[in-house]
Structure formats: C-alpha cells, structure tokens
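Trainee: Numbering follows UniProt numbering, in which position 429 of the sequence shown is assigned residue number 429; successive positions increment by one, without gaps. Take this structure, written in structure tokens, and hold onto it; I'll ask about it next.
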Amino acid sequence: MYLRCDGIGMCMHFYRLCPGLERSCTRRKTQKWTVSLPTLKAILKDARRLICPCYKYGLLRNHIHKRSILCEALQHNLPPFTPPPHTEDSVYPMPRVIFRMFDYTDDPEGPVMPGSHSVERFVIEENLHCIIKSHWKERKTCAAQLVSYPGKNKIPLNYHIVEVIFAELFQLPAPPHIDVMYTTLLIELCKLQPGSLPQVLAQATEMLYMRLDTMNTTCVDRFINWFSHHLSNFQFRWSWEDWSDCLTQDPESPKPKFVREVLEKCMRLSYHQRILDIVPPTFSALCPANPTCIYKYGDESSNSLPGHSVALCLAVAFKSKATNDEIFSILKDVPNPNQDDDDDEGFSFNPLKIEVFMQTLLHLAAKSFSHSFSALAKFHEVFKTLAESDEGKLHVLRVMFEVWRNHPQMIAVLVDKMIRTQIVDCAAVANWIFSSELSRDFTRLFVWEMLHSTIRKMNKHVLKIQKELEEAKEKLARQHKRRSDDDDRSSDRKDGALEEQIERLQEKVESAQSEQKNLFLVIFQRFIMILTEHLVRCETEGTSVLTPWYKNCIERLQQIFLQHHQIIQQYMVTLENLLFTAELDPHILAVFQQFCALQA
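Here you go:
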C-alpha cells in the first residue's frame, strides 16, 4: 500500500499556506539569546520557485521514479490536526541557530555553493545531518557515507560537510552527540580525502580563530577541545606564526587566551617539552608552565616557616608507612593560629595543621595520579577529621591548589576524587572557585570544567537516590498485588521492612535535593556578587563595563543556566524570590529573564 505523494502537488499545497505562515512569523518574538536566520521565511520565499520540477543542484527526488505507482495507489484522507493548547507545564525545544560558516566566495575554484538563505542549502545540510545521526557510532561508515553524498560533483561537498559538523559541535546547550565523536569523524574524513578536506578544515579553523572575539564562550571551549585533540593526531603541526597577532593583545583577550588554552590541552595529550618545541620561541609567554609540584617546605629558606619541623617528621612517618593514629600524634603539636577565635568553628579549624599535612603528603605522592589517589585513600580518616568544618574543606582545596598550581589536570582529578570520597562537598568546591585565591585563574577553562563536573555529580547523586526510591515503591506495589489470604502475616512483615526503607530513601531524597538547591544558590549568589562588584567598580572609575572578563563571566552565567536548565527550572521560584529580584542590576537580571523567556 502506498500513500499518494506528488512532490509538485505538495509544493502547491504548501504555497497556499504561505500567507498564514508569514503572519505567524511576524507575530513571533525573537529570543535575545539566538541570532537565527529567517529559515521559515526563506522557505516561503522559495516555495514558488520549487514548484519547478528541475532542481539546479541535482538533489534527490525520490517521488519521480514512483510517480506511476503513486498515481494508482489508494488515496487517504488525512484528518485535520489541531495542535495542543499551551499550558504552564508545556515543554518547548530550545531555539536553534542556523549555522553558516562558508559562502560562495570561500571556494572560488570549485562548484558554486548555494546561497545561505536558499532552500537547497537547507536540504543539503539536513541530509548530511541525517547521515551523521544514522551512523555516528561508526566513524568509518559515517565518513564514507558523507563523502559519497549523491550529487557531490555539483556542490562543494567538503565545505558543506565541515560546516555541518561544526554546526553540531557548537550547538547549544549541548551537541547531539559526544564531543569526541566529531573529532574522530573529522580525522577519518581527512584520511579518506587527504588531498582536499584537510585544506578546507584548516580554512575553517582560521575563520573560527578570526571570529573568536564574537564567539560564545561555550563554543570557544569546544573549539579548544576539538583543535587540541585534532592536533595531537597530526603531530601537533600548525602554522603558529599566522596567529602571531595574539602576542600583542591583552592576555585576557579571546585570541591569546585561546592559544594558551589550546597549548595547555595539547600538553595533557603530550608532555611539556614537546609543547615548547612545537611553537615558535615568540609564543613562550603563552606556553603552559612546567607541571611540577610546589613544595613550600623543600628548600633551605623554608626553615623559618611555621610547621617546618612537623613537616620533616611527617615526611619520615609517611615514608615508614605510618598509621593514621601515628599521623594524628604528630599533628597534635601543631599550633593553631585560630586558637584565640571566639567561635567554636574557628577554634576547631587549624589551617596550619591542614597545610603541613597536605603539603607533605601531596609532595611525596606527586609521582603520578595513582600515587595521589592512594594517598587520599590511605589517609582518608585524617582528611575527614581535618576538613570537618566548612572552613576546613575550603582550606583543603586552597592548599591542594597551592601545591599543584602549575598542573591544572592534577587539580581537576584531585577535586573530583575528593568529592567522590566526601572529603569536600560540592558547595565547598563552588565557594572555592569563586574565592579570591582563584581570581587570577577565574576565566581559565579548567576552572569551569571543574564547576560543571561538580554540578553533574550532584545531579547524578539526586537522580540515583530518586531511582532507588522509585524502585522500592514499585517493589512494594508488586508485593501488594501478589498478596494472598493465607500468608498475610509474612507479607505484612515484608511490607513493614519495605515501608521503612522507603521512608529512609524519602529522607535521603529530600536531603539530596536540599543540597542540590543550596549548590545552585551558592553559585548564582557568588556570580551576582562578583558581577556587581565589577559593575560598581566600572561605574566609580568611569570605565566601560564591557571588558573581556565581563564577557567571559556573563557568558559563564548563561552557560550554567543553559547546560543545567532542566534542574534549575525546578528552583525558579526560589531563585526569583531570593536572588534575581527586581532590585538587581539590569545587566545581571537580564540573563535570568532571558532564561525564563525560553519556557514562556
């Protein structure tokens, strides 16, 4: 059975809908966060032209060879469709930006690229999107299907492929597939077409670099991760001299920051000396520091530092495989700088004890990630005792950062491990990231990777407990269903145990959700504080608010909203009542209002 479908006839029917669709486009309000091309208007404009059965670019017309069959097939009367009305809990898809990187001037020698607003361009890219969606798990198959696109001799196919891949990679709030898939797909495409596609990819990279000043910070992050990974697969070869313009710019400007972050990511995939060798000497200021441990008690000038003698004793004890009790015995003699504080928390919190213990332990365990993880596991009890208070948790993170300041990857993995082992909590990490100690590194990528990783851990923790609660409730419901009259007593006992388990899980869910809400409150409160300080300072000094730091910070705030929008929407009322009130500066409040408008 065939559903009768004539391509030209459908175009005619569609064309009759144009006036109504145009009125709908006029009434549609444009969201401030999107810079969308008029996709629908472009389709409406070209509807009359597409009535012609001849397509210039040889796009597939599957209905042509089946016309005789379709004409004789059973016709169906489709019932009218009424869209559901809007409700308060309606969920709408996020706005999408129509991504355009190339035009007909970028490939003057090959076939002419369809115009940015032409329907042919939309059809080609939609077909390429479908190929990626169908084969993304098999990069070799996906690459082969892309380069075998029908009609490839009539279009600059490589330009279309690169544009579509970057369109998906830069899609907000998240790409359709994992980021590494796009890297491996582009590598495979370069292998299949070594004589043409690498040149197009290099041209695209150069264009993206030139547009860094206006690129969204989230997209810059993905550009950094892709480019560094791509370079690692091609011996880190790149014409760095072409980007020497970044050397004369403000270090906080997008271009020098991009180069610095790319080199730091490349070092994670190689080693420090290799990075120094691949870039010209003029780029030395942007090269990452040697990722070595900074041990403050290691040189002769440290003899006068408080706790030096205890650090020497601890080093001997660690090397002799001392127990936790022996470590506590050595640490008990460390003087407490806060002993004159009146509050109980200040009295119990001993920053010097944490500093001496962690400096010595992390220094001795600095050989590898595994050594550091083993140290955290072995002396977990000591860490928990020293970091019992909120201030203690913050100081643990401060000392760890001092030791590994030059090794962002080690900082990230240690923070991750400390959260997993509950040495520190998620709120402590958030407060530490916004603290004055990290102000110089506030705009660096690894800091925000840590924050998003922390948020994801908290969200997964809540979902895990909620799932356990749902499973327990389903188990209890099944027991009620299977209950028989002759074993009521035993079933009651089982039900009682399950009901107690459900009560405990319910309490754990409420506690976890409270921690989750508190984490977002901490993050948004700290955002408001630092942005307000910047705005007041600029107003007082009479300088422009729109600095590179401000652009980075305000877009990081937008990034938090977008990437975790499903969770944040649960706490919208609380955020509006406590933080994003009408008295807030319009620059900051606008971000919250734009986020609310996405679901309006």
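All C-beta atoms in this analysis are idealised placements derived from N, C-alpha and C, irrespective of residue type, glycine included.
Could you work out which residue in T184, K319, D213 is closest to T360 when comparing CA atoms only?
Mentor: Considering only alpha carbons, the answer is K319.
Trainee: Look up V180 in the DSSP assignment and say whether it is helix, strand or coil.
Mentor: Reduced to three states, the DSSP call for V180 is helix.
Trainee: Would you mind working out which of V112, H135, L128 sits nearest N153, comparing C-alpha positions?
Mentor: For N153, the nearest C-alpha among the options comes from V112.
Trainee: Closest to M101 by CA distance: which of L305, M210, H135 is it?
Mentor: Among L305, M210, H135, the Cα nearest to that of M101 is on M210.
Trainee: Just mark Y92 as buried or exposed, buried being the case when its beta carbon has 16 or more other beta carbons within 10 Å.
Mentor: Exposed, since its Cβ has fewer than 16 Cβ neighbours within 10 Å.
Trainee: With a CB to CB cut of under 8 angstroms and the five nearest residues on each side skipped, what residues in its chain are close to Q525?
Mentor: Within the same chain, Q525 has close Cβ partners L579.
Trainee: Could you compute how far the alpha carbon of R483 sits from the alpha carbon of A590?
Mentor: Their Cα atoms are separated by approximately 57 angstroms.
Trainee: Alpha carbon to alpha carbon, how far is I465 from K473? Give it in angstroms, no decimals.
Mentor: Whole-angstrom Cα-Cα distance: 12 angstroms.
Trainee: Tell me the DSSP secondary structure of N225 in three-state form.
Mentor: N225: helix per DSSP, three-state reduction.
Trainee: Which ranges does the alpha helix (DSSP H) cover as unbroken runs of at least 4 residues, wholly within the region 357-412, from first to last along the chain?
Mentor: Correct list: 369-378, 380-386, 390-403.
Trainee: Hey, how far is the Cα of N459 from the Cα of S116?
Mentor: Whole-angstrom Cα-Cα distance: 40 angstroms.
Trainee: Considering only their Cβ atoms, is the gap separating H395 from I433 smaller than 9 angstroms?
Mentor: Their beta carbons are not under 9 angstroms apart, which means I433 does not touch H395 by this criterion.
Trainee: For D213, name the three-state secondary structure that DSSP assigns.
Mentor: In this structure, D213 counts as helix in the three-state DSSP scheme.
Trainee: My guess is that V220 and L212 are in contact by the Cβ rule of under 8 angstroms, so how many angstroms apart are they, rounded?
Mentor: With 8 angstroms as the limit, V220 and L212 qualify as a contact, their Cβ atoms being about 7 angstroms apart.
Trainee: Shorter than 8 angstroms, the distance from the beta carbon of F369 to the closest heavy atom of the ligand NAP, or not?
Mentor: The ligand NAP is absent from the structure shown, which contains no ligands of any kind.
Trainee: Determine the DSSP secondary structure at L584, reduced to helix, strand or coil.
Mentor: Correct three-state label for L584: coil.
Trainee: Excluding the five sequence neighbours on either side, which residues of its own chain have a C-beta within less than 8 angstroms of the C-beta of A317, listed in chain order?
Mentor: Hits under 8 angstroms: E326, I327, I330.
Trainee: Taking F227 and V262 to be in contact with their CB atoms under 8 angstroms, please state how far apart those CB atoms are, rounded to whole angstroms.
Mentor: The pair is a contact, with the Cβ atoms about 6 angstroms apart (cut-off 8 angstroms).
Trainee: Just to confirm before moving on: does the CB-CB distance between T443 and K257 stay below 9 angstroms?
Mentor: The answer is yes: Cβ separation under 9 angstroms.
Trainee: Is the Cβ-Cβ distance between F170 and F122 less than 9 angstroms?
Mentor: It is not a contact, given that the beta carbons lie outside the stated cut-off.
Trainee: Please report the distance separating the alpha-carbon of A412 from that of I455.
Mentor: A412 and I455: Cα-Cα distance of roughly 14 angstroms.
Trainee: Here's a check: name, in chain order, each residue in its chain whose Cβ is nearer than 6 angstroms to the Cβ of L557, leaving out the five neighbours to either side.
Mentor: For L557, where only same-chain residues beyond five positions count, the Cβ hits under 6 angstroms are F527, V591.
Trainee: Give every residue of the same chain whose Cβ lies closer than 8 angstroms to the Cβ of I502, excluding the five residues on either side of it in the sequence, and list them in chain order.
Mentor: So the list reads L469, A472, K473, L476, once near-sequence residues are dropped.
Trainee: For the structure I just gave you, are there three or more beta carbon pairs, one from the region 557-566 and one from the region 266-284, closer than 8 angstroms?
Mentor: With the cut-off at 8 angstroms, the region 557-566 and the region 266-284 do not touch.
Trainee: Can you say whether F81 is buried or exposed, counting buried as having 16 or more other CB atoms within 10 angstroms of its CB?
Mentor: Looking at its Cβ environment, which holds fewer than 16 other Cβ atoms inside 10 Å, F81 is exposed.
Trainee: Which whole-angstrom value describes the C-beta separation of M450 and V415, a residue pair presumed to lie in contact below a C-beta threshold of 8 angstroms?
Mentor: That belief holds up - the Cβ atoms of M450 and V415 are roughly 5 angstroms apart, short of 8 angstroms.
Trainee: Under the three-state reduction of DSSP, which class applies to L201: helix, strand or coil?
Mentor: Helix, per DSSP.
Trainee: Are L185 and L201 closer than 9 angstroms when you measure CB to CB?
Mentor: It is not a contact, given that the beta carbons lie outside the stated cut-off.
Trainee: Using a Cβ distance threshold of 8 angstroms, determine whether the region 530-537 contacts the region 569-589, with at least three qualifying pairs required.
Mentor: Enough Cβ pairs lie closer than 8 angstroms, so yes.
Trainee: Apart from the five residues just before and just after F520, which ones in its own chain have a Cβ nearer than 7 angstroms to its Cβ?
Mentor: Within the same chain, F520 has close Cβ partners I568, Y571.
Trainee: Do you know how far the Cα of E388 is from the Cα of residue 604?
Mentor: The question about residue 604 has no answer here: the residues shown for the chain are numbered 1 through 600.
Trainee: May I have the straight-line CA-CA distance separating E300 from F357, to the nearest angstrom?
Mentor: One C-alpha to the other measures close to 19 angstroms.
Trainee: Out of P281, A582, P548, D103, point me to the one whose CA is closest to E241's CA.
Mentor: Comparing Cα-Cα distances from E241 to each of P281, A582, P548, D103, the minimum goes to P281.
Trainee: Would you call Q516 buried or exposed, if buried means 16 or more other Cβ atoms sit within 10 Å of its Cβ?
Mentor: Flag for Q516 reads buried.
Trainee: With contact counted as at least three CB pairs below 8 angstroms, one residue from each stretch, are the region 126-137 and the region 71-89 in contact?
Mentor: Contact between the region 126-137 and the region 71-89 is absent, because fewer than three Cβ pairs lie under 8 angstroms.
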